[in-house]
Amino acid sequence: MSNLATPSEKKASGAVIQNWQPENAEFWQQSGKRIASRNLWISVFCLLLAFCVWMLFSTVAVNLNKVGFNFTTDQLFLLTALPSVSGALLRVPYSFVIPMFGGRRWTAFSTGFLLIPCLWLGFAVQDPQTPFAVFVFISLLCGFAGANFASSMGNISFFYPKAQQGGALGINGGLGNLGVSVMQLLAPLAISMAIFSFFGGQGQVTNDGSQMWLENAAWIWVPLLFIATLAAWFGMNDLAASKASLRQQLPVLKRAHLWGLSLLYLATFGSFIGFSAGFAMLSKTQFPDIVIMKYAFFGPLLGALARSAGGVISDRFGGVRVTLINFIVMALFTALVFMALPTNGQGGSFPLFFGIFMVLFLTAGLGSGSTYQMIAVIFRKITWDSVKARGGSDEQAQQEAVTDTAAALGFISAIGAAGGFFIPQTFGISLAMTGSPAGAMKIFLVFYVICILITWLVYGRKAAR
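Mapping the sequence shown onto full-length UniProt numbering, position 342 (from 1) lands on 342, and the numbers just tick up by one.
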């Protein structure tokens with residue numbers, strides 16, 4: 001075993017690890033676990049910042065009209081939704097980049113790239129004459145941050161044995177998702193003080209005469225992104241065993257389970273990121289007297305923490321069982337939302353509305369972790385069985401299983417990210433047509449019921465298994 005451990009004993013200098021055997025218990029205990037943990041925690045830091053950048057407009061859009069802009073409600077909802085459009089589309093190519101370029105190189109590059117929208121947005125918000133089209137372009141660039149999730153999760157899946165996939169992916173995804181809450185907590189604080197006056201942050205006078213430094217919502221992430229880029233470059237590793245061409249990864253798209261699991265992930269992670277993007281604007285339209293930015297971060301916080309727990313719980317009790325129960329709870333609480341909404345601008349209960357959405361955030365996060373565990377387990381098994389059936393060796397089966405799993409995780413995450421666009425847009429359309437988000441919530445309720453049926457009929461019954 002000494003020859004196995006030798007490459008792994010290299011310091012985190014960006015060296016390629018030639019021999020990686022996470023399923024080998026002795027290798028894992030001697031060096032694999034330590035190296036995997038280091039790569040995981042650097043990945044978590046980079047992914048957390050990526051989620052901060054991805055959801056920037058959920059805070060910025062709420063404040064644009066306060067500092068001299070004159071955008072419509074539809075335009076503001078669009079700005080919160082567009083990062084999810086580009087993020088979802090870019091997750092498709094990002095799903096396949098790790099085996100082509102390596103986890104260390106790609107994590108450093110994709111994290112450093114996020115400096116561009118952050119710096120640009122900080123200057124744009126200081127000029128009320130900045131055209132709406134410029135904000136549209138910046139919001140699309142913020143979507144690159146959302147795409148990082150696909151490559152990050154795919155990369156971490158290579159480092160861990162299958163028995164620990166749910167926990168590792170839950171930690172990476174869950175604490176990465178925490179960036180939404182971190183941003184919604186820190187950004188409102190940052191815009192209340194002159195942090196970057198030396199860099200050109202002059203602040204803006206709001207409609208009520210107070211001063212706001214809206215540029216800080218974007219600029220506070222710049223030094224952290226720089227640190228994270230260096231940490232990824234010097235602290236992570238590339239795995240030679242994870243190398244694969246695009247042609248070797250594309251067959252995963254032919255598997256029917258890819259599309260079924262994508263639908264389940266759209267209902268869970270799509271709900272989490274969609275609610276994160278649109279909840280503040282939705283609350284503002286329904287309860288205008290509530291200063292929602294004081295409370296908006298709670299939902300993403302609960303969802304992110306629940307995602308980490310969802311992976312661990314699923315490793316113990318099974319992802320299918322956890323996902324099924326989770327969808328039932330999501331459907332029930334979606335139905336309860338109608339009790340809390342105002343009617344024709346009258347009535348409604350913000351405490352009830354807020355409490356119901358906190359449960360929805362919690363279950364969306366938990367379900368994100370459990371469905372991801374399902375993806376890892378199902379794709380490793382079906383690929384392994386397929387390779388063995390055609391006479392392949394255990395080594396070939398292991399190689400193809402981890403490659404297919406990583407590609408599936410990334411591609412399915414692309415489908416899930418689309419929820420960040422559809423949910424805010426569905427809220428906006430419902431409000432424009434009826435003056436209420438009730439129509440949107442009815443659509444979500446039907447969707448969750450469909451997911452209950454798919455989870456049970458396809459994956460839950462003994463015959464299906």
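We put the beta carbon where it would ideally sit given N, CA and C, even for glycine.
Asked                                                                                                                                                                                        : Found
Would you report the Cα separation of Gly-299 and Thr-285, rounded to the nearest angstrom?                                                                                                  : 18 angstroms
For the ligand ADP, is there a heavy atom less than 7 angstroms away from the beta-carbon of Gly-348?                                                                                        : As presented, the structure is devoid of all ligands, the ligand ADP included, so that no description of it is given.
Please classify Arg-380 as buried or exposed, where buried requires at least 16 neighbouring CB atoms within 10 angstroms.                                                                   : buried
Quick one: give me the first and last residue of the alpha helix (DSSP H) that Phe-226 is part of.                                                                                           : 222–235
Considering only DSSP beta bridges, list what Leu-239 is partnered with.                                                                                                                     : Ile-17
Can you confirm whether the region 410–420 touches the region 310–317 when touching is taken to mean that 3 or more C-beta pairs between the two stretches lie within less than 8 angstroms? : no
What's the gap between the Cα of Ala-440 and the Cα of Gly-274?                                                                                                                              : 12 angstroms
Below 8 angstroms on the Cβ atoms is my guess for Ile-42 versus Ala-231; work out the distance and round it to an integer in Å.                                                              : 5 angstroms
On the three-state DSSP scale, how would you describe Met-55?                                                                                                                                : coil
Shortest alpha-carbon distance to Leu-404 belongs to which of Gly-420, Val-377 and Ala-417?                                                                                                  : Residue 404 is actually Asp in this sequence, not Leu. The candidate whose alpha carbon is nearest that of Asp-404 is Val-377.
Counting along the chain, where does the alpha helix (DSSP H) carrying Pro-93 start and finish?                                                                                              : 73–94
Could you work out which residue in Lys-162, Asp-385 and Arg-105 is closest to Asn-24 when comparing CA atoms only?                                                                          : Lys-162
List in chain order: all unbroken alpha helix (DSSP H) runs of 4+ residues lying wholly within the region 374–453.                                                                           : 394–417 and 419–434
Looking at the strands, I want to know which residues DSSP matches up with Thr-343.                                                                                                          : Gln-346
For Asn-3, is the classification buried or exposed, using 16 other Cβ atoms within 10 angstroms of its Cβ as the cut-off for buried?                                                         : Low per-residue confidence applies at Asn-3: pLDDT is 39, beneath 50, and the placement is therefore not dependable, though the value from the model is reported in the following sentence. Its Cβ having fewer than 16 others within 10 Å, Asn-3 is exposed.
If you check the beta carbons only, do residue 487 and Gly-348 fall under 8 angstroms apart?                                                                                                 : The structure shown does not extend to residue 487, since the chain is modelled only from 1 to 465, so the question has no answer here.
Along the chain, where does the alpha helix (DSSP H) that runs through Pro-288 open and close?                                                                                               : Careful: Pro-288 lies outside any alpha helix (DSSP H) and carries neither H nor E.
Take Pro-93 as the anchor and find which of Ala-309, Trp-54, His-257 and Ile-415 has the nearest alpha-carbon.                                                                               : Ile-415
Which of the three DSSP states is assigned to Gln-204 in this structure?                                                                                                                     : strand
For the alpha helix (DSSP H) containing Pro-131, list its first residue and its last residue.                                                                                                : That residue, Pro-131, is in no alpha helix (DSSP H); it is neither H nor E in DSSP.
When the Cα atoms are used, what is the spatial distance from Ala-218 to Ala-418?                                                                                                            : 23 angstroms
Nearest to Ile-292 by CA position, among Cys-46, Thr-455, Phe-123 and Val-62, is which residue?                                                                                              : Val-62
Within the same chain, show all residues whose beta-carbon is closer than 8 angstroms to that of Leu-225, passing over the 5 residues directly before and after it, in chain order.          : Leu-49, Val-53, Thr-111, Gly-112, Leu-114, Leu-115 and Cys-118
Give me, in chain order, the residues of the same chain whose beta-carbon lies closer than 7 angstroms to that of Tyr-160; leave out the 5 immediate sequence neighbours on both sides.      : Pro-22, Ala-36 and Ala-168
DSSP has Met-212 in a bridge; who is on the other side?                                                                                                                                      : Gln-204
Only counting runs of 4 or more residues, tell me where the alpha helix (DSSP H) segments fall wholly within the region 110–190, in order along the chain.                                   : 115–124, 132–159 and 165–190
Are there 16 or more other CB atoms within 10 angstroms of the CB of Leu-457, so buried, or fewer, so exposed?                                                                               : exposed
For Met-358, which of helix, strand or coil comes out of DSSP?                                                                                                                               : helix
Hey, residue 505 and Val-60: beta-carbon distance below 8 angstroms or not?                                                                                                                  : In the structure as shown, the chain starts at 1 and stops at 465, and residue 505 therefore has no counterpart that could be examined.
Using three-state DSSP, classify Val-60 as helix, strand or coil.                                                                                                                            : helix
Determine the DSSP secondary structure at Asn-3, reduced to helix, strand or coil.                                                                                                           : Unreliable placement is indicated for Asn-3, whose pLDDT of 39 sits below 50; no coordinate value is reported for it.
Within 10 Å of its beta-carbon, does Pro-437 have 16 or more other beta-carbons around it, so buried, or fewer, so exposed?                                                                  : buried
Within the chosen definition, does the region 132–152 reach the region 96–107 through at least 3 CB pairs nearer than 8 angstroms?                                                           : yes
Which residue wins for smallest C-alpha separation from Cys-451, given the options Val-97, Thr-371 and Leu-352?                                                                              : Thr-371
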